[in-house]
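Visitor: Its first residue numbered 20, the sequence shown is counted upward by one per residue in the working numbering. All C-beta atoms in this analysis are idealised placements derived from N, C-alpha and C, irrespective of residue type, glycine included. Dropping a structure here in structure tokens format, bear with me for questions.
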Amino acid sequence: MAFGAIPAVLALLLDDKALQQYDIYISAVVSLIAWWWVAREKMVGDISGMPIILAVMLASMPTIVSSFAPGPVTNDEHAYLLQAELFSAGQWSEPLAEGELSRAFNRRQVYEDEAKGIRFSKYSPGTSIAMIPSALFGWPLLSTLLCALIDLWLVLRIAQVLNFKNDSRLVLILFAASPFFMLLNTSWQSEVFSLTAILAAYYGFLHSRAQSVAWGALVGAGCGMAFAIRPLTGLVFAAIFGLTMLRNGMFKQTLLAIAGGLPFLCGILYFNAITTSDMLTATYELYAAKNTPFDIYGNGDMLDGLLRQAGRWSVAFGGMLGAVALAFWGAWRMRIKDGGVAVAAATLLPVVYSLHWYAGHRLYLGPLYVVETLPLLTIGFVFLLQAAPEKVKRALPLAMLSFTGIMFVTRLDLIQLEAVQRAEPQIAILKQDIPPRSVVFVPSKKNGDPNKAFKHWTPSRPGDLLTDAVVVLRSSKRLPQEKLVSDLGLQGRNLYRYDPATQSLSLIE
20 MAFGAIPAVL ALLLDDKALQ QYDIYISAVV SLIAWWWVAR EKMVGDISGM
70 PIILAVMLAS MPTIVSSFAP GPVTNDEHAY LLQAELFSAG QWSEPLAEGE
120 LSRAFNRRQV YEDEAKGIRF SKYSPGTSIA MIPSALFGWP LLSTLLCALI
170 DLWLVLRIAQ VLNFKNDSRL VLILFAASPF FMLLNTSWQS EVFSLTAILA
220 AYYGFLHSRA QSVAWGALVG AGCGMAFAIR PLTGLVFAAI FGLTMLRNGM
270 FKQTLLAIAG GLPFLCGILY FNAITTSDML TATYELYAAK NTPFDIYGNG
320 DMLDGLLRQA GRWSVAFGGM LGAVALAFWG AWRMRIKDGG VAVAAATLLP
370 VVYSLHWYAG HRLYLGPLYV VETLPLLTIG FVFLLQAAPE KVKRALPLAM
420 LSFTGIMFVT RLDLIQLEAV QRAEPQIAIL KQDIPPRSVV FVPSKKNGDP
470 NKAFKHWTPS RPGDLLTDAV VVLRSSKRLP QEKLVSDLGL QGRNLYRYDP
520 ATQSLSLIE
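Right, here's the structure in full:
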């Protein structure tokens with residue numbers, strides 16, 4: 020564990036954006052308490068027999084609590100939800116407003132094709148497909164909750180397939196109680212859904228290795244869905260599973276995996292052809308070409324990317340400083356059971372993403388881009404504990420479970436603040452209870468900064484003008500309120516101006 024703490028110390032000294040202010044200190048205290056319990060003469064209690072309902076409650080609580088937030092923390096989530104709403108309505112895209120009027124509806128992470136007069140999310144469609152239930156029921160976090168519950172079931176089944184026996188529940192509890200997993204479940208980021216897809220692929224791989232070759236199709240389907248959600252993640256896992264199966268002579272399983280993944284690949288190619296007019300050009304590529312360097316991440320500094328990821332793992336795994344080293348050690352020793360898939364994924368995925376590494380939202384705890392390896396490392400951690408002295412086997416998991424809420428709660432307040440910041444105009448609308456079909460104009464700058472206004476405020480969709488909803492529009496020197504009223508036919512509606520200084524609305528007479 021001392022070795023596992025080194026990246027956190029280096030990140031603290033060399034990279035002020037890698038960790039939150041108190042991350043390393045909180046995780047260090049948890050680690051010290053665990054080892055104090057080990058050193059005591061009296062043995063602490065065993066949590067391996069905790070009821071499954073506790074894991075369900077731990078996984079569900081962040082989603083339920085976050086459902087009361089006024090909106091998402093990131094523009095990514097707005098874009099995913101927009102595309103999910105389009106999919107649920109049977110559409111690939113939505114029409115742009117004519118000419119420069121489209122600027123009144125501009126959103127980040129949404130590509131506008133002026134030639135075709137349409138717009139759509141810049142992201143691969145898998146996340147939005149997974150969010151169709153959320154769009155249909157009007158609860159964005161519904162799909163997150165469903166995936167969290169599926170994750171728990173898959174983790175429990177995987178532990179049972181690996182013959183963890185009485186420790187299967189320990190894997191489940193530690194995964195559910197991971198502050199990294201809990202924070203993930205406050206969002207509908209793409210990693211929420213790719214995590215489920217990869218767990219399904221890993222479950223299929225273990226079954227195809229030990230039982231029926233037909234399970235190979237699930238390996239391909241899981242990687243295919245992950246590819247539809249996060250293409251790079253899907254490719255890395257497909258390569259790891261494929262090479263492992265070939266190395267172990269699992270040729271039939273490999274063919275079935277290819278068959279299971281092909282429908283997803285064909286679906287992505289078709290989606291590309293519909294949206295970008297070229298099946299080999301992804302929506303993200305169009306957006307990147309148009310918006311570089313704004314909203315395009317990755318500085319090419321591989322060492323910086325690796326340090327940031329390692330530093331975050333060092334504090335995030337179980338909220339215990341350095342415990343991730345035990346997880347990697349356990350994943351390495353578990354090669355005999357899974358052919359080395361877990362340790363290969365946990366090692367290679369950070370390397371692949373190190374050149375495409377976003378400095379990170381300040382609410383991130385662990386390395387978000389490689390969160391799919393969290394359950395695999397948790398399984399490796401418990402596998403190692405099975406060979407540890409009884410005191411160690413009891414004390415470390417108990418400390419993780421006992422103090423898991425600290426890192427989650429320290430960030431929950433920040434999540435609420437960020438959500439409020441991005442929903443200020445909508446909150447003002449609710450507070451002042453303005454009439455239906457009203458129009459609210461937000462200015463082009465927030466505190467004198469046009470980037471903050473573009474980043475923090477999300478306007479309505481063009482189609483909202485045809486409903487009774489209150490519509491939020493961007494105004495600017497090029498698009499003054501008078502022009503928007505005239506050109507969009509807003510005469511006869513109640514018009515309001517949003518004031519960011521007072522966070523209130525004033526009626527335009």
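Suppose you measure from the CA of LEU164 to the CA of ILE527; what does that come to, to the nearest Å?
Guide: Distance between the alpha carbons of LEU164 and ILE527: 42 angstroms.
Visitor: What number of angstroms, rounded off, separates the C-alpha of LEU367 from the C-alpha of PHE200?
Guide: Rounded to the nearest angstrom, the two C-alpha atoms are 21 angstroms apart.
Visitor: Which same chain residues, not among the five before or five after ARG331, have their C-beta less than 6 angstroms away from its C-beta?
Guide: So the qualifying residues of the chain are GLY385 and PRO386.
Visitor: Do ALA236 and PHE246 have their C-beta atoms closer together than 9 angstroms?
Guide: Cβ atoms of ALA236 and PHE246: not closer than 9 angstroms.
Visitor: Can you give me the C-alpha to C-alpha distance between CYS285 and LEU325, rounded to a whole angstrom?
Guide: Taking the straight line from one Cα to the other gives about 33 angstroms.
Visitor: Taking all protein chains shown into account, do 16 or more other C-beta atoms lie within 10 angstroms of the C-beta of MET321, making it buried, or fewer, making it exposed?
Guide: MET321 is exposed by the Cβ-count criterion.
Visitor: Just reading off the alpha helix (DSSP H) that ILE25 is part of, what are its end residues?
Guide: 21–33 is the span of the alpha helix (DSSP H), which, as asked, contains ILE25.
Visitor: Counting only runs that start and end within the region 341–400, where is the alpha helix (DSSP H) found for 4 or more residues in a row?
Guide: Qualifying alpha helix (DSSP H) stretches, in chain order: 342–352, 354–357 and 360–372.
Visitor: Using the rule of at least 16 other Cβ atoms within 10 Å of the residue's Cβ for burial, across every protein chain shown, is GLY268 buried or exposed?
Guide: Exposed, because fewer than 16 other Cβ atoms sit within 10 Å of the Cβ of GLY268.
Visitor: Could you work out which residue in PRO89, ALA123, SER121 and ALA154 is closest to GLN102 when comparing CA atoms only?
Guide: That would be ALA154, whose Cα lies nearest to the Cα of GLN102.
Visitor: Tell me which residues share the same chain as SER147 and place their Cβ nearer than 7 angstroms to its Cβ, disregarding the 5 neighbours each side in the sequence.
Guide: The answer, listed in chain order, is TYR99, GLN102, ALA103, PHE106 and SER140.
Visitor: Note down, one range per segment and in chain order, each beta strand (DSSP E) of at least 3 residues found wholly within the region 131–188.
Guide: Correct list: 137–140.
Visitor: In the structure shown, what three-state DSSP assignment does SER525 receive?
Guide: Residue state, collapsed to three classes: strand.
Visitor: What ranges does the alpha helix (DSSP H) occupy inside the region 458–511, keeping only unbroken runs of at least 4 residues that lie completely in it?
Guide: With a minimum length of 4 residues, the continuous alpha helix (DSSP H) runs that stay inside the region 458–511 are 469–475 and 500–506.
Visitor: Taking one C-beta from the region 411–422 and one from the region 43–56 each time, how about it: are there three or more such pairs within less than 8 angstroms?
Guide: With a cut-off of 8 angstroms, the region 43–56 and the region 411–422 count as touching, because enough Cβ pairs lie within range.
Visitor: Measure how close the beta-carbons of PHE194 and PRO394 come, nearest whole angstrom, since I'm counting them as under 8 angstroms.
Guide: Sure, about 5 angstroms apart at Cβ, within 8 angstroms.
Visitor: Measuring only the C-alpha atoms, how far is ILE177 from ILE398?
Guide: Roughly 9 angstroms between the two C-alpha positions.
Visitor: Just verifying my parser: in three-state terms, what is the DSSP assignment at ASP518?
Guide: In the structure shown, ASP518 sits in a strand (DSSP, three-state: E or B).
Visitor: So, using beta-carbon positions, are ALA438 and PRO89 closer together than 9 angstroms?
Guide: Result yes, Cβ atoms of ALA438 and PRO89 sit closer than 9 angstroms.
Visitor: Quick one: residues in its chain with C-beta nearer than 8 angstroms to the C-beta of GLN500, no 5 flanking neighbours on either side, listed in chain order?
Guide: If we look at GLN500 and ignore the five residues flanking it on each side, its Cβ neighbours are PHE460, SER494, LEU514, ARG516 and ILE527.
Visitor: Count the other CB atoms, across all protein chains shown, that sit within 10 Å of the CB of TRP111; report buried if there are 16 or more and exposed otherwise.
Guide: Per the 10 Å Cβ criterion, exposed.
Visitor: Check this for me: beta carbons of HIS475 and ARG497, under 9 angstroms apart or not?
Guide: Cβ atoms of HIS475 and ARG497: not closer than 9 angstroms.
Visitor: Would you list the residues sitting across from PRO114 in a DSSP beta bridge?
Guide: Answer is ILE137.
Visitor: Taking just the CA atoms, how far does PRO481 sit from GLU113?
Guide: Cα to Cα, GLU113 sits roughly 8 angstroms from PRO481.
Visitor: Expressed to the nearest angstrom, what Euclidean distance is found between the alpha-carbon atoms of SER479 and LYS450?
Guide: Distance between the alpha carbons of SER479 and LYS450: 18 angstroms.
Visitor: Checking contacts by CB at 9 angstroms: is ILE169 closer than that to chain B?
Guide: This model lacks chain B altogether, as it is built from one protein chain only.
Visitor: When you compare the CB positions of PHE402 and ALA350, do they come within less than 9 angstroms of one another, or not?
Guide: It is a contact, given that the beta carbons lie within the stated cut-off.
Visitor: Leaving out five residues on either side along the sequence, give the residues of the same chain with a beta carbon under 7 angstroms from the beta carbon of VAL360.
Guide: Cβ neighbours of VAL360 beyond the five flanking positions: TYR221, PHE224, ILE259, PHE260 and THR263.
Visitor: Check for me: the alpha helix (DSSP H) holding ASP320 runs from which residue to which?
Guide: Note, ASP320: premise wrong, no alpha helix (DSSP H); not H, not E.
Visitor: Between the region 117–126 and the region 75–93, are three or more C-beta pairs nearer than 8 angstroms?
Guide: No, the region 117–126 does not touch the region 75–93.
Visitor: Would you report the Cα separation of ASP144 and ILE287, rounded to the nearest angstrom?
Guide: In the sequence as displayed, the identity of residue 144 is Pro instead of Asp. Taking the straight line joining both Cα atoms gives about 8 angstroms.
Visitor: Check VAL129 in the structure and name its three-state DSSP category.
Guide: It is a strand residue.
Visitor: Over the uninterrupted alpha helix (DSSP H) stretch that includes TYR303, give me the two end residues.
Guide: Looking at the DSSP string, the run of the alpha helix (DSSP H) that includes TYR303 is 302–310.
Visitor: Just to confirm my understanding: we take GLN522, look at its own chain, exclude 5 residues before and 5 after, and list those with CB closer than 8 angstroms. What are they?
Guide: Excluding positions up to five away in sequence, the list reads GLU443, ILE446 and ALA447.
Visitor: Can you tell which of MET20, ASP42 and ALA30 has the C-alpha that lies nearest to the C-alpha of THR423?
Guide: Checked all of MET20, ASP42 and ALA30; the closest Cα to THR423 is ASP42.
Visitor: Rounded to the nearest angstrom, what separates ARG188 and LEU420 at their Cα positions?
Guide: Rounded to whole angstroms, ARG188 to LEU420 spans 13 angstroms at the Cα level.
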